[in-house]
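Using numbering that gives the first Met the number 0, the first residue of the sequence shown is number 0, and each one after it goes up by one. Everything on this sheet refers to the single structure shown next.
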Amino acid sequence: METTSNFSITILGNSAAIPTKNSHLSSQVVVNHNNYYLIDCGEGTQLQLIRYKIKYHKIDNIFISHLHGDHFFGLIGLLSTYHLLGREKPLNIYGPPALKLLIEMQLKVVQTKLKYELLFHELDNDNYNPIFENKDISVYSFPLVHRVPTWGFKFEQKQKKLNIKKSFVELFNPSIEEILNIKNGENFVCKDGAIIPNNEITTPPQQPLSYAYCSDTRYDISIMKYIIDVSVLYHEATFDSSMQDKAHEKFHSTARDAANMAKNANATKLILGHFSARNKELTSLLAEACVIFENTIISEEGIEYLIS
Ligand SMILES: [Zn+2]
C-alpha cells in the first residue's frame with residue numbers, strides 16, 4: 000500500500016491479547032508529510048508491514064504504549080530485520096523504562112550487535128509530555144489507566160503559516176524575504192510606500208489536525224483533558240457493554256466507554272479497536288457506540304484512514 004496522504008494512519012493489528020486467523024495484535028503506522036511513525040509493535044507486526052507494502056525502512060520513531068506482550072512482542076523481530084537489511088540510521092524508541100532492559104537483554108543473549116544505534120526515550124511520569132517534534136508535527140505522551148503503567152500518544156500537526164494569494168504574487172512579484180514576512184502576518188509595502196494589509200493578500204492556513212491513540216485503558220474521565228478537540232481518536236473497545244464489569248475489572252473499555260470519551264472530548268471521528276476474540280461479530284460494538292457518538296467506525300486492518 001502506498002501511503003500518499005499528508006496525515007493518515009494504517010491499522011496493522013486491532014486484536015486484543017490473542018491473535019486470530021484474520022486479526023493481528025496491536026500496531027499501526029502514522030504517516031505525516033512522508034514521515035513514518037509506528038505505534039505499538041505486537042507479534043507479527045513486521046509481517047503486516049510487508050503485507051500492506053508499508054515503507055517500513057522509513058520508520059525512525061517507534062512508540063510503545065505499555066509492556067503487555069500484545070503491544071511489543073514484535074519489536075525484537077523488527078529490530079533484527081532492520082539489522083539484517085543493513086540499516087545504518089538511528090532508530091528512536093519511546094516506551095516504559097524496562098523496555099530498554101528487555102531489548103538489550105535479548106540482543107545480548109543472541110550475541111547481536113546492531114549495525115545501527117537504538118536510542119531509548121523513557122516514558123516515566125504521569126504528565127502530558129512533548130516527546131518528539133519536527134517542523135510538521137509534535138507528539139505528546141499522556142497517562143492511561145491500565146493494570147501496568149500505560150501511555151497514550153497524541154500527534155498534533157503544527158500551525159501552518161498564512162497562504163499568499165496567487166493573484167498578489169503575479170501582480171507584485173515579492174522577494175523571498177517579503178513572502179516569508181507576509182506568511183508571518185506582516186503587511187506588504189509597495190515601492191511607492193503604499194501599504195497593502197495582510198488580510199487582503201492572504202488566506203488562513205488549514206487548521207492543524209490531530210490524532211490520539213488510547214489503548215489500553217479503562218474509561219477514566221481524567222484522560223479527556225489530553226485529547227480535547229482531537230480530529231481522530233483511536234480508542235480501545237475490548238468488549239461490548241454487556242461485559243462492562245469485566246472491562247472495568249480488567250482495566251479495559253467497552254465500545255460505549257470509547258464513544259463517551261470521544262463525545263466528551265469533542266473528537267471529530269472515533270475509530271474502535273483492540274477487540275477481544277470473544278466478540279463473535281463487531282456490529283454490536285459499532286451500534287452501541289453510534290448511539291452516543293455517531294461518527295464512529297470499526298477499524299479494519301490494512302486500511303489507511305485519512306486524518307481530516
Ligand atoms: Zn492490549
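Don't be surprised by glycine CBs; every beta carbon is placed ideally from N, CA and C. On a predicted model such as this, the values are computed, not experimentally measured, just so you know.
Contact the segment 96 to 107 vs the segment 23 to 43: 3+ CB pairs below 8 Å: no
Within the present structure, is the beta-carbon of A246 separated from the nearest heavy atom of ligand 1 by less than 7 Å? no
From A15 to K153, what does the alpha carbon distance come to, in whole angstroms? 21 Å
For review: beta carbons within less than 7 Å of any heavy atom in ligand 1: A15, A16, S25, H67, D69, H70, S214, D215 and H273
Considering F6, what are the terminal residues of the beta strand (DSSP E) in which it resides? F6 to G12
Per-residue DSSP class, three states only, for D69: helix
How would you label H251, buried or exposed, when you count the other beta carbons within 10 angstroms and need 16 or more for buried? buried
Secondary structure of Y304, DSSP reduced to three states: strand
Is it buried or exposed, M0, if we count other Cβ atoms within 10 angstroms and call 16 or more buried? Residue placement at M0 cannot be trusted, given a pLDDT of 48 that sits under 50; the coordinates are not used to answer.
Buried or exposed: which applies to T202, given that a residue is buried once 16 or more other Cβ atoms fall within 10 Å of its Cβ? exposed
Looking only at C-alpha atoms, which of I61, N183 and R255 sits nearest to S140? I61
Using only the alpha-carbon positions, how far apart do E248 and I8 sit? 30 Å
Ignore the nearest five residues each way along the sequence and tell me which others in V144's own chain have a CB closer than 6 Å to its CB. T216, R217 and D219
Under the three-state reduction of DSSP, which class applies to N294: helix, strand or coil? coil
Can you tell me whether DSSP reads E1 as helix, strand or coil? For E1, the predicted structure reports a pLDDT of 45, less than 50, and the residue's modelled location is therefore unreliable. A value from the coordinates is still provided. Correct three-state label for E1: coil.
Which of the three DSSP states, helix, strand or coil, is assigned to C189? coil
What first and last residue would you give for the alpha helix (DSSP H) that runs through V147? Segment: none, V147 is in no alpha helix (DSSP H) and carries neither H nor E.
H32: first and last residue of the uninterrupted beta strand (DSSP E) it sits in: Here H32 belongs to no beta strand (DSSP E), and DSSP marks it neither H nor E.
For a test of the three-state rule: what should DSSP assign to E155, helix, strand or coil? strand
Would Y56 be called buried (16 or more neighbouring beta carbons within 10 Å of its own) or exposed? Tyr is not the amino acid found at residue 56; the sequence shown has His there. By the 10 Å Cβ count, H56 comes out exposed.
Based on Cα-Cα distance, which residue from I194, H65, Y304 and F187 lies nearest to P142? H65
Tell me, which residues are paired with G76 by DSSP? The partner list for G76 (beta bridge, DSSP) is empty, contrary to what the question assumes.
For the beta strand (DSSP E) holding N128, just list the boundary residues, first then last. N128 to E132
Judging by CA-CA distance, which residue of K262, T267 and E177 is the nearest neighbour of I222? K262
Can the beta-carbon of I19 be found closer than 8 Å to that of A236? Reading off the sequence shown, one finds Thr at residue 19, where the question assumed Ile. No. Outside cutoff.
Enumerate, from N- to C-terminal direction, the unbroken beta strand (DSSP E) stretches of 3 or more residues contained entirely within the segment 194 to 248. 209 to 213 and 231 to 235
Any idea if K165 is buried or exposed, counting beta-carbon neighbours within 10 angstroms, 16 or more meaning buried? exposed
Tell me the rounded alpha-carbon separation between L37 and P95. 16 Å
Per DSSP, what are the beta-bridge partners of N325 in this structure? Lying outside 0 to 307, the shown extent of the chain, residue 325 is not represented and no answer is given.
CB contact check: K190 to chain B, cutoff 8 Å: Among the protein chains of the structure shown there is no chain B, as only one such chain exists.
For H70 and D256, the rounded distance between their alpha carbons: 21 Å
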